[in-house]
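Chains as they are written, first to last, in the working numbering: chain A, 1126 to 1416; chain B, 1126 to 1416; chain C, 1126 to 1416; chain D, 1126 to 1416.
This is how it looks when you write it as structure tokens:
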């Protein structure tokens, strides 16, 4: 089928290729004319036959503006898919706004990173059944082969919600391996830490794709000496914990992995300065002075 | 090769079968005469030609006594393997004691659970190179096919140490999925929680064997209505956190998953009683009285 | 000076008494006619000479409506104080709305609970200097004797912000004592847990008002046998962690004390059901079935 | 009464003064001849009339050796008090060893730091009633005036146990304030963070001695600019969490404050290196390279 695709970056560009390889007709737009099929969003809309489907795959900061621009160009009966990492709570109001114009809205959480073009993209989708149904040929082409990798998780918002939770879990899984790695690296007993990690890839309870990646990273740099313990976060982890707070769900593990990222980005810890100051006050404990 | 195997329970019994299927000669002893090949440990030792190798696969509580009994029967040049879940810190003293008699000692962390007979057992091994070398035919038969699933992690103790860390990581991985599951179950948006979990099995960053098992559990009982949120712990998780404390390794994530198990086993929380009492004291907040 | 006071519940009623005892003229309104000085908010406004000051001390759920009602009755030059537990992020928009009518707005975080009438109320205030200045006679009457207990923390919002952080800290302080209490109660060594707590009230590093209250609670019920380990939360703890997430501040300790409250209110833990289900899947570990 | 006092450092020296001011006869020994009353432990023992009482107040590392030396010099009927920060689990075996010689043993947790000479030392004491009874004049002189500051917490070990829990709580109290401090310091709204802290000293739920000290520290350095966020730990915090693990007591809050200290001492986090490596593997996320 025909699909408009706005945003041809690392993710969107690969998705266009995977869709075309599956026989779909993709009209792609990107601000970068070197990768764009058309000169403008307006031209993209013109090239599609109604009822149209346009997939938006742009950075979170410009998603709203992109959808607003599309809403001014599309007709009733068209559908917009947001495949970016929007906060799920933006989806409902957005769908209502578009729905007032008769435009359908589907939110799609997309996982798979740089491996997606080859292995397929896991898709978590939220929206009305009739909209999701219409897009199934696109979803089928994007998703991995096999029986898994796609879910219609619920109404509008449920796709981004599932992706948010997926990423929250991801933070904690990564940190679980990371803590175990650090402990073994600190121990005098384990003489082959990368070897232990590698051995776990088969037959163990902890085997996973993330473990395979940790093995690959240690193959490349057995002591991870070349990089700093610094990790950004892209929003979903924060939203997961915020949502847990809203719903009164205890979330110690995922929250701790989020807080560890915050700590990793601090030059010095104001909280620990306060602790050091207190210890000095009551116990005369030595403090480490700044130069 | 020949192997003595003491302990033919859920793990040992399956290991005997896997070893025999690989062509090894296994003489097994168990207190339960119905599964035992010999009438006593002494008879087991008699049936093996020196230099002997005896694998001990008994509950942690009787490991020490079993090894002591064996030490009284074996000769210099023989090797004992402890495949149980011993604390790594017991291995060094034990190896020294046996070494004084000329008996070798190898500690083997074994993962794989009830799936091991078919898929193979992941093995993490600690010991002197010459002892590990001699046992390689056994390890090769037990481990999964393929290049992974076995590591000689270091000297005596390194096998159990690696297994301890493996289990600590396992606690946190499980709890990461569990928190995400609880959040989705609490949300009004996700109408098909088991479907989301199932979809993650391909193409996502969080795919893993544990996720496959969570899918299987939800297939069987989509709301986990039939079981209580109660989890025992078998020692390795505690040891992992204790070791982190010893080595001053921050371990918020694994520790939180351990503490969650402790909480799961409490009828009521004494700590939260104290919190409730304090809130009542300063704010006149209502308390929930015991009947 | 003259003050209108809307809301004469546990807090507002005591504040009226403390203000009158200090010589101020307080016109109080409450929905409950038995405690109210006037029949309506409108009558309250009438009884005050311009420029008026009205302190709103109502439950969070009706604060917005109360302030809207007042805004329709007051004149330019009047001031509204919100002494309730509003989220700090509501203060800015509210002040802007009122400011468009020329009405001043001050947010006041109030601590002290049921002890405030006697000991004074700690006040954390946000607002423009000229508004805060005008209200100082009221603040001086409400605050405790001595040099502490009052701060002008910053512009509009800073008062509620400080109170929010105060309560977040309070959660963690309480839980710190609670964990120590539980550990001693679980130990076989400590034969007089209430005695240990009581002894800490002088000379120790952990002495505090909360510790005094814990001692009082244990005096009344040495094993806290009469109450359940159940604790509500009133919003500030959640907001504190949300704000930490917004500002990327690591907050493991306060977050853990918040999550412990969530756990305390669960009949059973969905997360721990998932953990139990997983342990059963891979290890054949026994599960505790629901009846 | 007469007391031998071994160890005249920051704590022991001040205790000698407080005891003498109360009319007791103290014979003190220290390796440093400038502060010592006698030339050797042997001379100290000679100067005391039987039945003797000797208080040991030396660094944890030399406590065992000091007590062994004393045991060789004392007679049946004498008592040794260990006032240092020993692990409670050392007390039982030590008491048994001394008991075989007829020497009594009392363990005393001592709190108060550099403020103790003036304000008194809070004492948590474990031991047999007859031994504790005999030492009451000493305890009465050391403890703060007033009804609090002393407890006979249970049999041998209970004193150090109580002190251990006291210190575990102390870690978490300090970190609770520290997290709140950091949040306010990060906020754009609070223009006077030290002012907010100071205001809390009266009338609030969070008022405490530690808060007074935080105020003092901020008086001296309003942004804590002069010191690094680095904190050692002296053992009791670790033991508290280890004991919680032994007794299956959930301890998220105290453990998190302990782990924060570990983190504060790391140049870089091996765990976060692993997280950064994983993010780079699956998402192509930029890593921060080491120079």
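All C-beta atoms in this analysis are idealised placements derived from N, C-alpha and C, irrespective of residue type, glycine included.
Three-way DSSP call (helix, strand, coil) for residue i in this model
i, result
"residue 1226/B", "coil"
"residue 1172/A", "helix"
"residue 1204/A", "strand"
"residue 1149/D", "coil"
"residue 1232/D", "strand"
"residue 1251/D", "strand"
"residue 1413/C", "coil"
"residue 1334/A", "helix"
"residue 1352/D", "strand"
"residue 1139/A", "helix"
"residue 1319/A", "helix"
"residue 1343/C", "helix"
"residue 1366/C", "helix"
Proximal residues to residue i (C-beta, below 7 Å), its chain only, five neighbours per side dropped
i, result
"residue 1309/A", "1315, 1318 and 1321"
"residue 1139/C", "1241 and 1242"
"residue 1335/B", "1298, 1299 and 1302"
"residue 1337/A", "1326"
"residue 1226/B", "1196 and 1201"
"residue 1359/B", "1210"
"residue 1256/A", "1204, 1229 and 1231"
"residue 1173/A", "1127, 1129 and 1152"
"residue 1175/C", "1200, 1202 and 1203"
"residue 1364/A", "1212 and 1289"
"residue 1141/C", "1130, 1133, 1151 and 1153"
Contacting residues, own chain, Cβ-Cβ under 8 Å from residue i (five flanking each side not counted)
i, result
"residue 1278/D", "1249, 1250, 1251, 1284, 1286 and 1287"
"residue 1380/D", "1366 and 1369"
"residue 1192/D", "1181, 1205, 1207, 1219 and 1223"
"residue 1386/A", "1296, 1356, 1357, 1358 and 1362"
Inter-residue CB distance, residue i and residue j (contact presumed, cutoff 8 Å)
i, j, result
"residue 1169/A", "residue 1129/A", "5 Å"
"residue 1305/A", "residue 1370/B", "With a Cβ gap of about 15 Å, residue 1305/A and residue 1370/B do not count as contacting."
"residue 1401/C", "residue 1412/C", "5 Å"
"residue 1351/D", "residue 1414/A", "6 Å"
"residue 1376/C", "residue 1384/A", "6 Å"
"residue 1235/C", "residue 1136/C", "7 Å"
"residue 1328/C", "residue 1274/D", "4 Å"
"residue 1245/C", "residue 1270/C", "6 Å"
Spatial neighbours of residue i in its chain, beta-carbon cut-off 6 Å, leaving aside the 5 residues before and after
i, result
"residue 1382/A", "1296, 1297 and 1300"
"residue 1394/B", "none"
"residue 1265/B", "none"
Buried/exposed call for residue i, threshold 16 Cβ in 10 Å
i, result
"residue 1165/B", "exposed"
"residue 1258/A", "exposed"
"residue 1148/B", "exposed"
"residue 1157/B", "exposed"
"residue 1150/D", "exposed"
"residue 1280/C", "buried"
"residue 1186/A", "exposed"
"residue 1344/D", "exposed"
"residue 1409/C", "exposed"
Beta carbon proximity, residue i to chain E, threshold 8 Å
i, result
"residue 1406/D", "The structure shown contains no chain E; the protein chains it does contain are A, B, C and D."
For residue i, the residue or residues it bridges with in DSSP
i, result
"residue 1237/B", "DSSP, once it has assigned bridges, lists no residue as partnering residue 1237/B."
"residue 1128/B", "1151/B"
"residue 1178/C", "1204/C"
"residue 1276/D", "1249/D"
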